[in-house]
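Take the sequence shown: its letters are residues 1 to 403, numbered as in full-length UniProt numbering. Only one structure is covered here, and it is reproduced in the block below.
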Amino acid sequence: ACECPLYWKGPLFYCAGGERTGYVSVHKFVAMWRKILQTCYDDAAKFVHLLMNPGCNYLVQEDFIPFLQDVVNSHPGLSFLKEASEFHSRYITTVIQRIFYTVNRSWSGKITCNELRKSNFLQNVALLEEEADINQLTEYFSYEHFYVIYCKFWELDTDHDLYIDRKDLARHNDHAISNRMIERIFSGAVTRGRKAQKDGKISYADFVWFLISEEDKKTPTSIEYWFRCMDLDGDGALSMYELEYFYEEQCQKLDNMAIEPLPFEDCLCQMLDLVKPQCEGKITLHDLKRCKLTNVFFDTFFNIEKYLDHEQKDQFSMLRDGEGESQEISDWERYAAEEYDILVAEEAASDQWNDGYEAELNPVDHQKANVLKYQMEKRPFFEMPSHLADVDLDDYDYDEDFE
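Take a look at the structure:
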């Protein structure tokens, strides 16, 4: 009757008071919907109104929790999670971070109607009704993508307190990220939880942003993420001093590997040719957003493994990769698919190795049949309550806009 996508049902129910009473009268629902029609003139405005707190005109992270819990409870592609409520809050946290990563272009922690209009999020919400396989919705809702992120974090979070410190993050991808960049990530340049920063740790939510940015350095948000980290003095431009500061550690790593590093002056010439900055002597965020090979630029200064991979390629093949990105899947989707296949293979190999042993090596019962259930059987669970209010999200305190 409202001509809304199916998965607006939760927000419609809650906005009409259903969360408090467990039911909604026709009178209350009609009054609520009439008010929305009088004040909201497009889907973005309606969706924000349904989810927002009274008196607000924007959405914060917690506003998405009831909506996403309803998706978890009722989408056929997530039906296996009914037997694994421990995973609900981690999945919901991951999806919320992906929503804000893509939609909240201002980095404010508050999604406005205008930001929602400019994004494809509502189109993806509509696709939830049409697509039974949740993993086909790779931009926000894919369970496989969540599982990859979750497993990567679990490997680093050795004490399993849902926070990691500098040493933990440094172990990611066999210490590929430079220590100077690790320090910048923990400096607060791109993280949100003030309490965690005081303790020298970042949260699982912060890790979602890190991993997506690390594996796909061509998106607007990832370019902004790494630009913030490299802009040591916060003046909105990368100086030659800042580039040299990060390149010094790369040279040290290359020396340790018995590889002769390119002198900084030569490296600088290559990077300036790559980016073609508009103003001499500095590289701006706008310059990097115009560049099609930002991954090569960033990896040169803080990811030694990927830097060496780029060095093995000729410039023509790199340019071809950069220009063909719009026709192909994103770097993040490619990475997630490859890592998921590796996880499945590891689980299968582990299961074969354990055949014949009566004792269980982990606390989860082996009763599920499909691949996703099968993987969760072998992975340790977080001990988490599944109630909506217990999903723990970091506070987003950033007020400034960011280009």
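Ideal Cβ positions, reconstructed from N, Cα and C, are used throughout, including at glycine.
What are the boundary residues of the beta strand (DSSP E) that residue i is part of?
i: Leu238; result: 237-239
i: Ser203; result: 201-203
i: Ile164; result: 163-165
i: Lys152; result: No beta strand (DSSP E) holds Lys152; the alpha helix (DSSP H) holding it covers 143-156.
Could you pull the start and end residues of the alpha helix (DSSP H) that residue i belongs to?
i: Asp43; result: 43-51
i: Leu268; result: 264-275
i: Leu128; result: 121-130
For residue i, which of the options has the nearest alpha-carbon?
i: Asp331; options: Ala170, Thr219, Pro76, Pro11; result: Thr219
i: residue 405; options: Leu243, Ala258, Asp63, Pro277; result: Outside the shown range of the chain, which is 1 to 403, sits residue 405, and nothing can be said about it.
i: Leu288; options: Met257, Ala345, Met230, Lys253; result: Met230
i: Val60; options: Ile99, Ser239, Glu131; result: Ile99
i: Tyr7; options: Lys292, Ser74, Asn179, Gly200; result: Ser74
i: Leu122; options: Ala132, Phe146, Ala44, Ile329; result: Ala44
i: Trp107; options: Val190, Cys113, Leu50; result: Val190
i: Glu86; options: Glu131, Val72, Asp341, Ile96; result: Val72
i: Ser203; options: Ser142, Ile177, Asp168; result: Asp168
i: Asn104; options: Tyr225, Ser79, Asp70, Pro5; result: Tyr225
i: Ala258; options: Asn295, Leu308, Asp157; result: Leu308
i: Ile52; options: Lys217, Asp341, Arg117, Lys110; result: Note that residue 52 is Met in the sequence shown here, rather than Ile. If we check each option's Cα against that of Met52, Lys110 comes out closest.
i: Leu12; options: Lys46, Asp42, Cys40; result: Lys46
i: Glu248; options: Met181, Ala84, Gln278; result: Met181
i: Glu201; options: Leu211, Gly188, Trp209, Ser213; result: This sequence places Lys at residue 201; Glu is not what is there. Closest option to Lys201, Cα to Cα, is Gly188.
i: Lys253; options: Phe210, Asn303, Asp235, Gly281; result: Asn303
i: Pro277; options: Thr158, Pro263, Ser79, Thr294; result: Thr294
i: Ile96; options: Phe146, Gly77, Asn57; result: Phe146
i: Leu50; options: Pro76, Asp255, Gly10, Gly234; result: Gly10
i: Ala176; options: Asp199, Glu139, Val148, Glu215; result: Glu215
i: Tyr340; options: Asn135, Lys118, Glu328, Leu116; result: Asn135
i: Pro54; options: Ser25, Phe29, Ser89, Ala16; result: Ala16
Indicate the three-state DSSP secondary structure (helix, strand or coil) for residue i in the structure shown.
i: Ser106; result: coil
i: Asn114; result: helix
i: Tyr7; result: helix
i: residue 404; result: The question about residue 404 has no answer here: the residues shown for the chain are numbered 1 through 403.
i: Asn303; result: strand
i: Ile177; result: strand
i: Lys282; result: strand
i: Ala258; result: coil
i: Glu183; result: helix
i: Asp309; result: helix
i: Glu333; result: helix
i: Thr294; result: helix
i: Lys378; result: At Lys378 the pLDDT is 39, less than 50, meaning the model places this residue with poor confidence; the figure from the coordinates comes in the next sentence. If DSSP states are grouped into helix, strand and coil, Lys378 belongs with the helices.
i: Asp133; result: coil
i: Thr138; result: coil
i: Glu170; result: According to the sequence provided, residue 170 is Ala. The question's Glu does not apply to it. Helix.
i: Glu328; result: coil
i: Ala349; result: helix
i: Leu361; result: Only weak support is given to the placement of Leu361: the predicted model assigns it a pLDDT of 32, under 50, and the question is left unresolved by the model.
i: Tyr216; result: Rather than Tyr, the amino acid found at residue 216 in this sequence is Asp. Coil, per DSSP.
i: His88; result: helix
i: Asp341; result: helix
i: Asp287; result: helix
i: Asp159; result: coil
Assuming residue i contacts residue j under a Cβ cut-off of 8 Å, what Cβ separation, rounded to an integer in Å, is found between them?
i: Phe186; j: Arg171; result: No, Phe186 and Arg171 are not in contact; Cβ-Cβ is about 14 Å, not under 8 Å.
i: Thr221; j: Tyr101; result: 5 Å
i: Val275; j: Cys251; result: Not confirmed; about 20 Å, so no contact.
i: Leu238; j: Ile283; result: 4 Å
i: Phe246; j: Phe301; result: 4 Å
i: Phe153; j: Phe207; result: 5 Å
i: Leu137; j: Glu131; result: 6 Å
Taking only runs of the alpha helix (DSSP H) that begin and end inside the segment 12-77, which ones reach a length of at least 4 residues, in chain order? 18-21, 26-39, 43-51, 65-74
Could you pull out every unbroken alpha helix (DSSP H) segment of at least 4 residues lying fully inside the UniProt domain "EF-hand" (218-253), listed in chain order? 220-230
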